[in-house]
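In this note's numbering, the protein residues as written are 54 to 181.
Structure, as structure tokens:
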Amino acid sequence: MIIGLAIEDRPRSYAFYQEALGLTPVGEPDEDGIPEPLQFALAEDVRLMLIPTEGFGWVLGDQPAAPYGQSECILTVTVASEQAVDAQTAKAIAAGAVQVTAPIRKPWAYLATFTDPDGHLWMVTAND
């Protein structure tokens, strides 16, 4: 499975996803030192592909990509504890994420949300 997200700035996103979420890029570096296509391993058969907006639009045809600030999905990272939610959220914010909701206890989980530099919504959760 490959999850594709539109991005504006390859170097910024390349750095953010390594620093904020500790993801490992896959593929051979291109001339700019960044793998092309820009992908990160999420699991053995799951990758996150970051696609420049122009390329994303080319794939979509006449359908526009969601504008910045409009969320079409929530990408969730599950961690082991409330302390890990706090730490992961702080790490993401330090790397350039924008906090949407501070860590909070809900009936089903302890969670926090933030957006990446391109406005994609991420949730960090420790499920009960």
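In this text, a Cβ means the ideal position worked out from N, Cα and C, and glycines have one as well.
Burial state of R158 (16 or more Cβ within 10 Å): Numbered from its first residue, the sequence shown carries residue 158 at position 105. R158 should be labelled exposed.
Supposed close pair A182, A150 - CB separation, criterion 8 Å: For the chain, the structure presents residues 54 to 181; residue 182 sits outside this window and is missing.
I146 - containing alpha helix (DSSP H), residue span: Here residue 146 is taken as the residue at index 93 of the sequence shown, counted from 1. From DSSP, the alpha helix (DSSP H) with I146 extends over E135 to A147.
8 Å Cβ cutoff met for I104 and A59: For the purposes of this step, residue 104 is identified with residue 51 of the sequence shown, where counting begins at 1. For the purposes of this step, residue 59 is identified with residue 6 of the sequence shown, where counting begins at 1. Yes. Within cutoff.
Uninterrupted beta strand (DSSP E) stretches inside the segment 57–112 (no shorter than 3 residues): 77–79, 91–96 and 99–105
Residues near V99 by beta carbon distance below 8 Å, same chain, minus five either side: By one-based count along the sequence shown, residue 99 stands at place 46. For V99, where only same-chain residues beyond five positions count, the Cβ hits under 8 Å are M54, I55 and I56.
Option nearest A147 by Cα separation, candidates R63, D62 and F69: One-based indexing of the sequence shown puts residue 147 at position 94. It is F69.
Three-state secondary structure assigned by DSSP to Q123: For the purposes of this step, residue 123 is taken as the residue at position 70 of the sequence shown. Coil, per DSSP.
Neighbour-count burial assignment, D169, 16 or more Cβ in a 10 Å radius: In the sequence shown, the residue the question calls residue 169 occupies position 116. Classification of D169: buried, given that the 10 Å Cβ count is 16 or more.
Sequence-distant residues of the same chain with beta carbon closer than 7 Å to E61, five excluded per side: Position 8 of the sequence shown, counted from the first residue, corresponds to residue 61. Closer than 7 Å at the Cβ level, and outside the excluded window around E61, lie T106 and D171.
Check whether V177 and T154 have beta carbons under 8 Å apart: As a first step, residue 177 must be located in the sequence shown, where it is residue number 124. As a first step, residue 154 must be located in the sequence shown, where it is residue number 101. No; because the gap between Cβ atoms is not below 8 Å, this pair is not in contact.
Residues that M176 bridges to, as DSSP identifies them: If you number the sequence shown from 1, residue 176 lands on position 123. Partner(s): T129 and T166.
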